[in-house]
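Quick notes on the structure that follows.
Numbering (my numbering), first residue to last: 141 to 800.
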């Protein structure tokens, strides 16, 4: 077997530069890197031996350390945070990534909607999004691009390790979403060259080996490209090589991701060459082949993934294939969501050999067989399990428990579930409530677990709760007569009359569902678990200061709040009403209250009685009018000028003679 090494493989410029900067920094400072410097655990381990530790958050860094920004780059907020705590920053961001960051920031400043093509969870993409602002949108597929709305101005750029052909397809789709599309091709030249060389090599070899970190985006893409063309294995070190991979191969290819050091590539190349010199005898190999028949359970390595099938090396004369329908309990699963190249999986033989010589396998059946014993035990033990929601169907959710488990909508949570789609991809806490292996029926419930927990909380709360306690709760339900407040496992009633001292027409005038409120326990029935709550009781009663605020004889103004046959109630303040008896409405006889006032009128009245303990104030409009008239008369008298006395002489205007 001939081993051919790709012309372009291993460290790219950006990675090599980052490592050199890190090593120089470690010689003079206590250095840490924000996240693994590169996606290669062997290299990260070597750096750790040189004193460069990995941290996940700025909070872990002290101002005595030098912070190395890895080649993937970070958002501006990281630089600002480091500056704020006085940390020295060594920026090892790849120049190609820095270019993408600058273009993203510039496009956002120009008012263009920024689209970043790439893995939204990858640190490089997260960093670019940080430079582009809060409105930037990450996408990875043409399908995601099709869901975008129309934008007046659009700018698109790519994660540096993306495939050029995928970027071109997304650009073509984005032209339908704007009249002004600016395209920034930020795919790294070195990445594109490695992918091109790897693709060409995979076309002419019998088997391909890709070396690099399994969590490295560019390494995974190399493996994906090669797997579309030939049998491909993704490894991290030479120790993972298997002789059986190369049986019957005349030419084997070798390439590596941009984060793979030369010494690892050299070790792999050397071991592949040695395997070539120790070719297994074909006859003995055939003799050692396992005997297969329908129902046999086998274990193998995923070597190739297509849209319809997964190819698995099971150590037989030809790879096994798993049709998409036999991959998982979910009927809508994409192959790459379930398995990756290099994964070790178990499967059941459903056909020894198809027309193309492949053994047809079922991973789903293997998972089901493994799940049956476990599910039978769960029926007895009632043990809680966790399972991911893989589908939303009519009436409930489908979860993966080895078999297709069904969670009815009524068994998801304590209350009514309006939107089932919100649970897709979530992990639920479940208990098996119905299992029939013959019918492949598995019914589960999360609600029963939540109900038990609520019952325990309810019991504990009832034991500790006492009248007069002040507690915090959440408004759960609303009725015309009040609201029900969850105070930690118990729904207490907050009656409308205990919400405020003023009269309110409906509880919604003060509260809404979901509000958090502080309430007082007014009444507690241990036997029934009924709890009455009060809100106004936490505030001082307005009647406490009524004697001071409303002294007898004072004239007050207020609005007529309600009318009865015997008088009108006038609002004097928050929660305080005064009664104007029908006999006190006017200075003449009144047959009906409505003849004088109506609800909403503003009136002026005199306080003739105030009894705060009885929550009663008596008012008189009649006396108020009389007092006002007296005051007016007195004011008129007081305003008259003083009249001087007049003599008779003054009156007749003559002088009388005097006697001599």
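Using N, Cα and C, we set each Cβ at its ideal position, and we do this for glycine too. Nothing here was measured: the structure is a model prediction, and the numbers come from that model.
Cα-Cα separation between residue i and residue j, rounded to whole angstroms
{"i": "residue 659", "j": "residue 674", "result": "6 Å"}
{"i": "residue 591", "j": "residue 504", "result": "33 Å"}
{"i": "residue 326", "j": "residue 337", "result": "19 Å"}
{"i": "residue 668", "j": "residue 627", "result": "16 Å"}
{"i": "residue 736", "j": "residue 712", "result": "19 Å"}
{"i": "residue 323", "j": "residue 511", "result": "50 Å"}
{"i": "residue 683", "j": "residue 772", "result": "33 Å"}
{"i": "residue 441", "j": "residue 293", "result": "47 Å"}
{"i": "residue 490", "j": "residue 434", "result": "5 Å"}
{"i": "residue 303", "j": "residue 328", "result": "10 Å"}
{"i": "residue 190", "j": "residue 183", "result": "11 Å"}
{"i": "residue 369", "j": "residue 359", "result": "16 Å"}
{"i": "residue 374", "j": "residue 142", "result": "19 Å"}
{"i": "residue 547", "j": "residue 516", "result": "18 Å"}
{"i": "residue 160", "j": "residue 154", "result": "10 Å"}
{"i": "residue 274", "j": "residue 488", "result": "48 Å"}
{"i": "residue 601", "j": "residue 629", "result": "7 Å"}
{"i": "residue 163", "j": "residue 177", "result": "11 Å"}
{"i": "residue 541", "j": "residue 527", "result": "6 Å"}
{"i": "residue 796", "j": "residue 770", "result": "Summary for residue 796: the model assigns pLDDT 49, below 50, so the residue's position carries little reliability; its value from the coordinates is reported in the next sentence. Taking the straight line from one Cα to the other gives about 47 Å."}
{"i": "residue 246", "j": "residue 272", "result": "8 Å"}
{"i": "residue 801", "j": "residue 562", "result": "The shown model of the chain, from 141 to 800, leaves out residue 801, and the question about it has no answer."}
{"i": "residue 746", "j": "residue 690", "result": "10 Å"}
{"i": "residue 241", "j": "residue 476", "result": "29 Å"}
{"i": "residue 625", "j": "residue 524", "result": "29 Å"}
{"i": "residue 363", "j": "residue 656", "result": "53 Å"}
{"i": "residue 233", "j": "residue 217", "result": "15 Å"}
{"i": "residue 286", "j": "residue 353", "result": "32 Å"}
{"i": "residue 614", "j": "residue 653", "result": "8 Å"}
{"i": "residue 522", "j": "residue 576", "result": "15 Å"}
{"i": "residue 298", "j": "residue 454", "result": "38 Å"}
{"i": "residue 725", "j": "residue 597", "result": "57 Å"}
{"i": "residue 248", "j": "residue 254", "result": "6 Å"}
{"i": "residue 632", "j": "residue 584", "result": "30 Å"}
{"i": "residue 346", "j": "residue 556", "result": "58 Å"}
Residues near residue i by beta carbon distance below 7 Å, same chain, minus five either side
{"i": "residue 165", "result": "171, 206, 208, 230"}
{"i": "residue 219", "result": "229"}
{"i": "residue 648", "result": "618"}
{"i": "residue 868", "result": "No answer is possible for residue 868: the residues shown for the chain start at 141 and end at 800."}
{"i": "residue 586", "result": "547, 551, 552, 553, 568, 569, 570"}
{"i": "residue 361", "result": "301, 303, 335"}
{"i": "residue 641", "result": "676, 681, 682, 714, 715"}
Continuous beta strand (DSSP E) stretch holding residue i: start and end
{"i": "residue 257", "result": "253-257"}
{"i": "residue 742", "result": "742-751"}
{"i": "residue 701", "result": "695-704"}
{"i": "residue 164", "result": "From DSSP, residue 164 is part of no beta strand (DSSP E) but of the alpha helix (DSSP H) over 153-168."}
{"i": "residue 666", "result": "Premise fails: residue 666 is in no beta strand (DSSP E) and is neither H nor E."}
{"i": "residue 526", "result": "525-533"}
Other residues of its chain near residue i: CB distance less than 6 Å, five sequence neighbours each side excluded
{"i": "residue 288", "result": "317"}
{"i": "residue 355", "result": "179"}
{"i": "residue 309", "result": "282"}
{"i": "residue 801", "result": "Given that the chain is displayed from residue 141 to residue 800, the structure contains no residue 801 and the question cannot be resolved."}
{"i": "residue 423", "result": "Interpretation of residue 423 is limited by its pLDDT of 45, a score under 50 that renders its predicted location unreliable; no figure is taken from the coordinates."}
Residue span of the alpha helix (DSSP H) that contains residue i, given as start and end
{"i": "residue 184", "result": "181-189"}
{"i": "residue 478", "result": "475-478"}
{"i": "residue 506", "result": "503-521"}
{"i": "residue 314", "result": "304-314"}
{"i": "residue 339", "result": "329-344"}
{"i": "residue 398", "result": "Looking at the DSSP string, residue 398 is not in any alpha helix (DSSP H), and its letter there is neither H nor E."}
8 Å Cβ shell around residue i - same chain, five flanking residues per side excluded
{"i": "residue 677", "result": "638, 660, 662"}
{"i": "residue 468", "result": "478, 503, 504, 507, 530, 540"}
{"i": "residue 151", "result": "159, 398, 399, 400, 401, 402"}
{"i": "residue 646", "result": "620, 636"}
{"i": "residue 238", "result": "213"}
{"i": "residue 280", "result": "257, 258, 259, 260"}
The ligand PLP heavy atom lying under 8 Å from the CB of residue i
{"i": "residue 662", "result": "Absent from the structure shown: the ligand PLP. Ligands present: none."}
Can you list, in chain order, the stretches of the beta strand (DSSP E) that have 3 or more residues and sit fully within the stretch 597-639? The stretch 597-639 contains these whole beta strand (DSSP E) runs: 610-619, 622-626, 631-635.
Enumerated in chain order, which unbroken segments of the beta strand (DSSP E) with a length of 3 residues or greater are wholly contained in the stretch 350-389? 371-375
Where are the beta strand (DSSP E) runs, 3 residues long or more, that stay fully inside the stretch 219-244, in chain order? Fully enclosed beta strand (DSSP E) runs of 3 or longer: 228-231.
Threshold first: 4 residues or longer. Then list the alpha helix (DSSP H) segments lying entirely within the stretch 572-597, N to C. If only uninterrupted alpha helix (DSSP H) runs of at least 4 residues are considered, none is enclosed by the stretch 572-597.
Stretch pair the stretch 720-737 + the stretch 697-708: three plus CB contacts closer than 8 Å: yes
Determine contact between the stretch 192-205 and the stretch 258-277, defined as no fewer than three beta-carbon pairs at a distance below 8 Å. no
Touching or not, the stretch 399-411 and the stretch 308-315, by the rule of three or more beta carbon pairs under 8 Å? A contact between stretches requires three or more CB pairs, one per stretch, nearer than 8 Å, and the stretch 399-411 fails this requirement with the stretch 308-315.
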